[in-house]
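Colleague:
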Amino acid sequence: MKTYLVTGCAGFIGSNLVDYLLKKNNRIIGLDNLSTGKKFFLKKALKNKNFKFFKIDLLKNNIDRYFKNVDRVYHFAANADVRFGLKHRKKDINQNILVTYKILETIKKNKINEIIFSSTGSIYGEATQIPTKENSPFPIQTSLYGASKVSAEAIISAYSEAYELKSYIFRFVSILGDRYSHGHVFDFIKKLKKNKNVISILGDGNQKKSYLNVDDCIRAIDLGVRKFNKNVNIINLGTKECLTVKESIKIICKILKLKPKIQYSGGKRGWVGDNPYIYLDTNKIRSVGWKPQYNIKDSIKQTARYILKNQWILKKKN
Ligand SMILES: NC(=O)c1ccc[n+]([C@@H]2O[C@H](COP(=O)([O-])OP(=O)(O)OC[C@H]3O[C@@H](n4cnc5c(N)ncnc54)[C@H](O)[C@@H]3O)[C@@H](O)[C@H]2O)c1
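So the sequence shown is numbered by numbering that gives the first Met the number 0: it starts at 0 and just counts up by one.
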């Protein structure tokens, strides 16, 4: 039995990952400050004797004691909100760069040999090559979030090159599925619950992304870690299709049985730093036998239905 530590274990992706790893009969130590994560997402995991949860802040608290006898660290805690980067500039730097540095120092001190990191397709900025490969020309950063993730990736790689630390950096696009608690589907439903007659949407609605289901994302991470064996492994994840914001709102309105007037704020980008088109080349992960089981439309439907069934998510913090 292996012991894995998951940071951000109460988040959307982290909590799904915890359930997956427990099912595979691993021992899990979960750390989260519940800033955006929800203890409710850990309801099932908390009943499992192989799961230990600690509510701690990775930036402020001493974290050393949780890293004893750990075989691998999944570092998924972050400020995952791309949109408000320029409003709260310190957040991306503190939560995404400094926390990653602290995790790496603790990993080194405790002689842990593997780190799995959740990075993002945003690091490609406005890519010049689409589909964007892992080794595409290095972009200009367009968001503080992307900049903080690329910085974290660089620091992880440098520790890997210097010390006995294998790293797996997964770059993925917007994730959908159960426990989805932030992103455009969440925002649209929240707005429509407030006003069912009119909805205002940022940008011109033609922004498109190759969204991925959280189950497919976690299966890809699991497979990637088992199949790739370099010192530093960088792997894109995503589907081979794209969905525009316009198509997405159509599906959401159909599920809500609403026909609101849709007002677009205009412009290619939803906000400063928004990348209007993200489509990653995923041949690397596909070469080891992974392919997504969900298409984007079904994932949007699943996500919308999950939010409607769990409307407390729209209001409650934790
Ligand atoms: N959701 C996506 O579409 C997406 C896409 C690409 C990358 N990612 C990355 O995947 C990871 C998980 O994202 P998510 O969507 O689950 O976000 P999330 O906000 O649901 O999860 C992040 C978790 O980290 C915790 N956290 C944040 N700062 C912390 C701190 N200082 N100490 C302890 N815990 C802290 C939060 O409480 C939360 O539970 C993040 O690294 C994110 O950047 C997400």
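Positions of the beta carbon are idealized from the N, C-alpha and C atoms, including for glycine. Values in this document were obtained by computation on a predicted structure and should not be read as measured data.
Based on Cα-Cα distance, which residue from 172, 148, 206 and 112 lies nearest to residue 160?
Modeller: 112
Colleague: Which same chain residues, not among the five before or five after residue 298, have their C-beta less than 8 Å away from its C-beta?
Modeller: 175, 176, 210, 211 and 212
Colleague: Is the beta carbon of residue 145 less than 9 Å from the beta carbon of residue 166?
Modeller: no
Colleague: Between residue 185 and the rest of its own chain, which residues show a CB-CB distance below 7 Å, the 5 nearest in sequence each way excluded?
Modeller: 179 and 306
Colleague: Taking 8 Å as the cut-off, is the CB of residue 42 close to at least one heavy atom of ligand 1?
Modeller: no
Colleague: Taking the alpha-carbon positions, what's the residue 82 to residue 224 distance?
Modeller: Whole-angstrom Cα-Cα distance: 30 Å.
Colleague: From the DSSP output, read off the bridge partner residues of residue 117.
Modeller: 169
Colleague: Can you tell me which of the three DSSP states residue 7 falls into?
Modeller: coil
Colleague: Please name the residue or residues paired with residue 213 in a DSSP beta bridge.
Modeller: Per the DSSP secondary-structure output, residue 213 pairs with nothing in a beta bridge.
Colleague: Using a Cβ distance threshold of 8 Å, determine whether the stretch 68-88 contacts the stretch 127-135, with at least three qualifying pairs required.
Modeller: no
Colleague: For residue 137, is the classification buried or exposed, using 16 other Cβ atoms within 10 angstroms of its Cβ as the cut-off for buried?
Modeller: Residue 137 should be labelled exposed.
Colleague: Should residue 286 be counted as a contact of ligand 1 given a C-beta to heavy atom distance under 8 Å?
Modeller: no
Colleague: Counting only runs of 3+ residues fully inside the stretch 64-139, write out the beta strand (DSSP E) ranges in chain order.
Modeller: 71-74 and 113-119
Colleague: Give me the residue from 123, 269 and 53 with the minimum Cα distance to residue 29.
Modeller: Considering only alpha carbons, the answer is 53.
Colleague: Take residue 317 and list the residues in its own chain whose beta-carbon comes closer than 7 Å to its own, dropping the five residues that flank it on each side.
Modeller: Reliability fails at residue 317, whose pLDDT of 47 lies under 50, so the model's placement of it is uncertain and the value that follows must be treated cautiously. Correct list, in chain order: 33, 37 and 38.
Colleague: Kindly examine ligand 1 and report whether one of its heavy atoms sits closer than 8 Å to the Cβ of residue 181.
Modeller: yes
Colleague: Helix, strand or coil: how does DSSP classify residue 317 here?
Modeller: The predicted model places residue 317 with a pLDDT of 47, which falls under 50 and marks its position as unreliable; any figure quoted below should be read in that light. Three-state DSSP puts residue 317 in coil, outside helix and strand.
Colleague: Taking C-beta to C-beta, are residue 182 and residue 248 nearer than 9 Å?
Modeller: Going by C-beta atoms, residue 182 is not nearer than 9 Å to residue 248.
Colleague: For residue 293, which three-state DSSP category applies?
Modeller: Shown here, residue 293 sits in coil according to DSSP, grouped into three states, outside any helix or strand.
Colleague: Taking 7 Å as the limit between beta carbons, can you name the residues of its chain near residue 300, skipping five residues before and five after?
Modeller: 250 and 254
Colleague: Between which residues of its own chain and residue 124 is the CB-CB distance below 6 Å, once the five residues before and five after are set aside?
Modeller: 138, 139, 140 and 141
Colleague: Could you tell me if the beta carbon of residue 303 falls within a distance shorter than 8 Å of some heavy atom in ligand 1?
Modeller: no
Colleague: Check whether the stretch 87-107 and the stretch 12-28 touch, using three or more Cβ-Cβ pairs below 8 Å as the test.
Modeller: no
Colleague: Would residue 237 and residue 302 qualify as a contact pair, given that the criterion is a beta-carbon distance under 9 Å?
Modeller: no
Colleague: With respect to 8 Å, is the separation between the Cβ of residue 8 and the closest non-hydrogen atom of ligand 1 below this value?
Modeller: Judged by the Cβ position, residue 8 qualifies as a neighbour of ligand 1 at the 8 Å threshold, a heavy atom of the ligand being closer than this.
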